[in-house]
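The structure appears below as C-alpha cells.
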Amino acid sequence: MRGKRDKYTSLRDGLLILRALHERGQATAGELRALFGGRSLRSVYDLLRVLEEAGLVVRLARRKGWTLAYPHPFFTAQQEEPRPEFLRSLYGAAKRLYARTRLRTNVVLLTPRGIELKWSFGRQGQRVFADPLARNPFQEVAHASSLGQAILAYLEPEALRVHLARYPLKAFTTRTLSTPEALEARLKQIRREGFARSRGELDPSTCGLAVPLFSPEGRVLGALGVRMKNAPYCALEDPVPPGKQGCDRCPKTLPLLREALEEVGLNGHLR
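Right under this line is the structure:
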C-alpha cells in the first residue's frame, strides 16, 4: 500500500512541477521545492531528471533552472541542439556580416528550450539589449520580430499551432501582428520571398531584416538578421514625398545576409 501511495505522490508532484513551469516560464529546483513542503532538494532533482528523460522539461542554458520543452512538453517533435561545427561556422559568418554592414547583427537558434538569442554583434559600448529582443523567453515576442517570424514561417503546422497556444499573440506597438490572420498572411509572404522584415512591430524605433537557417534536411534551425533604425519613410512600403528619401537598406542588405549563409552552406532553401 505504501508503494502505491509513494507512486501516486511522485506522479502528483511531477504534475505540479509541469504546472509550475507552465505558469512561471522557468524555475530553479529550490523554487520548485517550495511547492512540496516535505520533499528534499535531491528528490526534486530526481523528479526533474525523470521529466527530462521523458522529454517534458529541459535545463536552461547558462542558468540554474528548468523550463518546459519547446514548443510544448506533449508535442512529440522536439528540437535538437545544433552541432559544434555548425555553430563555429555560423559565428564567423555572423561576425563578418556585422563588419560589412555595421548594423546590429543577431543570431537566434531553435532549441529544446525555445527560440534563443545566441549572439549579438555591434559597436563596442553599444547597448546589446536596447529593445525587447532580449526578453526571456524570446518566443514570447517572436511574432513581432523579423528573427522570430523567419522561424515561425517554417515550423511544422502542428508546432506552430502549439506555439501560438502557449504564447498567445500580444501587441507591443500599433504595428504588431496581433491576430492569427495577420500573422498567417505574413508567414506566407516570408515563405514566398525567403526572408522576413518587421518594421516597428516590437520596438517603434527599430526595423529588422532576417533570413531563416536550415539544416541539410530542410528543418528550420534558427535565423540570422540585422537590426536598424526605423526611418520616417521606407522605400519598399511608403509613398515617399517629393524632396524626401526613403530608406533602402533592406534591398541593399539582403544580398549580404544571403552571402553569409553561403559561407556556412545554408542557402539551399533561399531564393
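Per our numbering, residue 144 is the first one in the sequence shown, and the count goes up by one each step.
For glycine and all other residues, C-beta sits at the position ideal for the given N, C-alpha and C.
| Asked | Found |
| --- | --- |
| Selection from G181, L356, P398 and L298 that minimises the alpha carbon distance to T152 | G181 |
| Sequence-distant residues of the same chain with beta carbon closer than 8 Å to L161, five excluded per side | L194, L199, V200, L211 and P216 |
| Beta-bridge partners of V200, as assigned by DSSP | L211 |
| N- and C-terminal bounds of the alpha helix (DSSP H) containing V407 | That residue, V407, is in no alpha helix (DSSP H); it is neither H nor E in DSSP. |
| Member of Q332, Y376, R309 and G157 whose CA lies at the smallest distance from the CA of G386 | Y376 |
| Separation of G361 from L252, as counted between CA atoms | 15 Å |
| For P355: DSSP bridge partner residues | A366 |
| Burial state of G408, where buried means 16 or more other Cβ atoms lie within 10 Å | exposed |
| At least three beta-carbon pairs within less than 8 Å, the stretch 397-408 to the stretch 232-246 | yes |
| Neighbourhood of L312 by C-beta distance below 6 Å, restricted to the same chain and skipping five residues each side | H286 and S321 |
| DSSP beta-bridge partners of T248 | F264 and V369 |
| Residue span of the beta strand (DSSP E) that contains A339, given as start and end | A339 to R342 |
| For A378, three-class secondary structure by DSSP | coil |
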